[in-house]
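Asks: So the protein lines, in turn, are chains A and B. So the number in the working numbering is just where the residue sits in the first sequence, counting from 1, plus 277. So the number in the working numbering is just where the residue sits in the second sequence, counting from 1, plus 277. Note that the Cβ used here is the ideal one computed from N, Cα and C, for glycine as well. These numbers were taken from a predicted model, which means no experiment stands behind them. Next up is a structure, given as structure tokens.
There are 2 protein chains.
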Amino acid sequence: MPDRLWKVGELAARTGLTVRTLHHYDAIGLLSPSGRTGSAHASGHRLYIAADVTRLHQIVCLKQLGFSLEQVKEYMTRADYDPRAVVRLHLEKVRRQAAELAELGDRLEALANTLDAADAVSPDTFLETIEVMTMIEKYYTPEQLEQLKQRKEQVGDARIKEVEAEWPRLMAEVRTAMDAGTDPADPKVQDLARRWVGLVNEFTGGDPGIFKSLSSMYANEDNVRGMDVPAMRTMMEYVQKAMSAAGITFAGQ
Amino acid sequence: MPDRLWKVGELAARTGLTVRTLHHYDAIGLLSPSGRTGSAHASGHRLYIAADVTRLHQIVCLKQLGFSLEQVKEYMTRADYDPRAVVRLHLEKVRRQAAELAELGDRLEALANTLDAADAVSPDTFLETIEVMTMIEKYYTPEQLEQLKQRKEQVGDARIKEVEAEWPRLMAEVRTAMDAGTDPADPKVQDLARRWVGLVNEFTGGDPGIFKSLSSMYANEDNVRGMDVPAMRTMMEYVQKAMSAAGITFAGQ
DNA sequence: GGTACACCCTGACGTAACGTGAGGTTCAAG
DNA sequence: CTTGAACCTCACGTTACGTCAGGGTGTACC
């Protein structure tokens, strides 16, 4: 039956496409039926011949390979392309997209694991976790993250909670000393500086790379886990004076 | 500077978004600035406060995880979701998409290799190759394809070309016999049937699975590599009568 | 106080590949 | 000649903005 005629509905049923899709292909000039009922009356029913069916099949194939309708059209009208080059190029694009999606998947999985490890997950902690993770990924290399993860396991949750509680206390004391106009060289301030350096060293583990990433993060972000970083930068200048006076430095800088 | 105000341009520069994007977020109610210049005059410049900046940051993070703006909005307004479940669900979706893209990549690579192996690649042979590959993927399992590939290497290109040239000749002869009204039991027709069976056996290698897939393909498709399959089905009935008369069967059926 | 100029504003249309009606017409059977 | 199914042509909706067009605003300088 090579000279049989097909109506849209039949063709749609056969190919798994919808009637609307065939209408669309007609509208954009990708596949117009070779005939219509009622001759030139316009608005007659579409009649597709065998050649149209073949063309449609090719269109579907190219679509399944991920080409856009525009590309398919270009490709089928102007046949002056090098098929190999086209396929190779398209392949590269698909590979890139696949890699990106896979990486996104990895990040989501890491997030999911982090959330599972947390005690309670309110929407707020959720948003905070995401923010922290995103920021962290921006400043630390994957190797550094692995390193931090191992250190975290060594140190243990208890100590981490202690440190997290210690920071606000320390910052409050530094602020008090600054507001009081205390000389950074004052032994009390030098003590504060020693505690500050101690906490930072505990985090970096003396690794210069991690110290650099950390510095970079606090230099560029204004908000890290809800902390007022600009204020911290001001304190840092003060603390650094005290460090000079006490003759101490960060580990591994 | 927690109480500093930001204008769209500044915020855009800081976040890497565009001004238009911020306008868009405002328009869809995802992030509206807390203030405007010129009070209630309408059409004053947008003024974002620190809280707005934080919210924007969270929006950006969620977007980078692949959530749609609609989802982000839902998530940030109604906070009665289980973050873990949401992330796991989203993760699965992303993984599925990544797998699909990876598979598409594999198919494209197979296509590219096939094209590289071909002598000349005109757009027509290209389209034909795609059609054949797509159809083949539909009927044969990956294992069967591997099997066919190995057999193809064993047999060699020369024999494949011979067979491809032989089919049209054979079909023409069968048609002639049919049109002449020759009895299928006629020895001449039995010979034709033997040749037919021989060619099919050579392709299937006597594998029942491949025979089944092949049959399925020719039973469901009306066009395989430009061949008039409906006509072949008619011939097949005739050939089968001759096969019965000759007492032969397909290998491994 | 005026003026330049950068920056801001609000529409409004375009994108890809159709989905989804609305409202009217045509075909094939009875 | 009448159904009912299948068909027809608009035309708007979808996503996340890009890209003008045409006109206001803020601020620095004279």
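1) Report buried or exposed for residue 433 of chain A, applying the criterion of at least 16 other Cβ atoms within 10 angstroms of its Cβ.
2) Pull up the distance between the alpha-carbon of residue 305 of chain B and that of residue 369 of chain B, whole angstroms please.
3) Considering only the alpha carbon of each residue, which of B:309, B:328 and B:315 lies closest to residue 281 of chain B?
4) Could you please give the first and the last residue of the uninterrupted alpha helix (DSSP H) stretch that includes residue 502 of chain B?
5) Verify the CB distance criterion: does residue 361 of chain B have a CB-CB separation below 8 Å to chain A?
6) Which partner residues does residue 312 of chain A have in the DSSP bridge list?
7) Round the Cβ separation of residue 478 of chain B and residue 527 of chain B to the nearest angstrom and send it over; I've been treating them as touching at under 8 Å.
8) Of the residues that make up the segment 401–419 of chain A, which ones have a beta carbon closer than 9 Å to any beta carbon in chain B?
9) Can you name the residues that DSSP bridges to residue 283 of chain A?
10) For residue 503 of chain A, which residues of its own chain have a beta-carbon under 8 Å away from its beta-carbon, when the five flanking residues on both sides are left out?
11) Have a look at residue 530 of chain A and residue 491 of chain A and give me their C-alpha separation to the nearest angstrom.
12) Does DSSP classify residue 461 of chain A as helix, strand or coil?
13) Using the C-alpha atoms, what's the distance from residue 525 of chain B back to residue 516 of chain B?
14) When the Cα atoms are used, what is the spatial distance from residue 323 of chain B to residue 307 of chain B?
15) Report the start-end ranges of each alpha helix (DSSP H) in the segment 348–412 of chain B that is 4 residues or longer and not cut off at the edges.
16) For the candidate residues B:333, B:489 and B:495, whose alpha-carbon lies nearest to that of residue 418 of chain B?
17) Can you tell me which of A:420, A:411, A:424 and A:415 puts its alpha carbon nearest to the alpha carbon of residue 343 of chain B?
18) Taking a contact to mean a Cβ-Cβ separation below 8 Å, would you say residue 349 of chain B touches residue 340 of chain B in this structure?
19) Work out the CA separation of residue 364 of chain A and residue 320 of chain A for me, nearest whole Å.
20) Let me confirm a value: residue 358 of chain A is counted as buried when at least 16 other C-beta atoms fall within 10 Å, else exposed. Which label applies?
21) Pull up the distance between the alpha-carbon of residue 453 of chain A and that of residue 465 of chain A, whole angstroms please.
22) I'd like to know whether the C-beta of residue 532 of chain A is nearer than 8 Å to at least one C-beta of chain B.
23) Give me the chain B residues within the contact set of residue 432 of chain A, using Cβ-Cβ distance strictly less than 8 Å, ordered along the chain.
24) Are residue 334 of chain A and residue 385 of chain B touching if we call contact CB-CB under 8 Å?
25) Name the chain B residues that come within less than 7 Å of residue 343 of chain A, Cβ to Cβ?
26) Please name the residues in the segment 491–513 of chain B whose beta-carbon is closer than 7 Å to at least one beta-carbon of chain A, in chain order.
27) Going along the chain, which residues of the segment 370–397 of chain B sit with their C-beta nearer than 8 Å to a C-beta in chain A?
28) Quick check: the Cα distance between residue 468 of chain A and residue 346 of chain B, rounded to an integer number of angstroms?
29) Return the CA-CA distance between residue 519 of chain A and residue 462 of chain A, expressed in angstroms with no decimal places.
30) Would you check if the distance between the CB atom of residue 303 of chain B and the CB atom of residue 311 of chain B is smaller than 8 Å?
31) Give me the Cα-Cα distance between residue 507 of chain A and residue 362 of chain A, rounded to the nearest whole angstrom.
32) Measure the beta-carbon distance from residue 392 of chain B to residue 360 of chain A and round it to whole angstroms, keeping in mind my assumption that it falls under 8 Å.
33) For the putative contact between residue 470 of chain B and residue 523 of chain B, defined by C-beta atoms under 8 Å, what is the C-beta separation to the nearest angstrom?
34) Grab the span of the alpha helix (DSSP H) containing residue 298 of chain B for me, first residue to last.
35) List, from N- to C-terminal side, the alpha helix (DSSP H) runs of 4 residues or more that fit wholly inside the segment 478–528 of chain B.
Replies: Taking the geometry as given:
1) exposed
2) 28 Å
3) B:328
4) No alpha helix (DSSP H) contains residue 502 of chain B, which DSSP labels as neither H nor E.
5) yes
6) A:324
7) 6 Å
8) 401, 402, 403, 404, 405, 406, 407, 408, 410, 411 and 412
9) A:325
10) 405
11) 12 Å
12) coil
13) 11 Å
14) 14 Å
15) 360–394
16) B:489
17) A:411
18) yes
19) 39 Å
20) exposed
21) 12 Å
22) Residue 532 of chain A is absent from the model: chain A starts at 278 and stops at 530.
23) Here the premise fails: no neighbours, minimum Cβ distance about 25 Å.
24) no
25) 381
26) 500, 505 and 507
27) 371, 372, 374, 375, 378, 379, 381, 382, 384, 385, 386, 388, 389, 392 and 393
28) 49 Å
29) 5 Å
30) no
31) 53 Å
32) 6 Å
33) 6 Å
34) 296–304
35) 485–497 and 506–523
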